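Student: The structure follows.
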């Protein structure tokens, strides 16, 4: 999931408008001039519109998020995810493998 700020309105199916969720009265003066969007499902560099900037990225549980409102996406984010890693040795080199395990609506085992 990619959070994007744009100086101008964007009309693209790749951008989900966060609406007043992030553009509310409590925002700083600078962010009031920007429009906030979320991209789900990935994008290419050429998909980034003019006057837009990537603000942050996060992992999401594996699921089809197309056609979801920002409120629905936010509910899915509330479940979170578990991030774990395993050490693996390969001859003289040590490789750390990063494994992200996604959980939706499950209790964590600890």
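In the working numbering, the protein residues as written are 4 to 113. A virtual CB, placed ideally from N, CA and C, is assigned to each residue, including glycine. These numbers come from a predicted model, not from an experiment.
Could you tell me whether the Cβ atoms of residue 43 and residue 13 are closer together than 9 angstroms?
Tutor: No, Cβ-Cβ distance for residue 43 and residue 13 is not below 9 angstroms.
Student: Please return the same chain residues whose Cβ sits closer than 8 angstroms to the Cβ of residue 38, not counting the five positions on each side in sequence.
Tutor: Excluding residues within five positions, the ones whose Cβ falls inside 8 angstroms are 8, 9, 10, 11, 12, 13, 20 and 26.
Student: Helix, strand or coil: which one does DSSP assign to residue 80?
Tutor: Helix, per DSSP.
Student: On the three-state DSSP scale, how would you describe residue 58?
Tutor: Strand at residue 58.
Student: With DSSP run on the structure shown, which of helix, strand or coil describes residue 49?
Tutor: If DSSP states are grouped into helix, strand and coil, residue 49 belongs with the helices.
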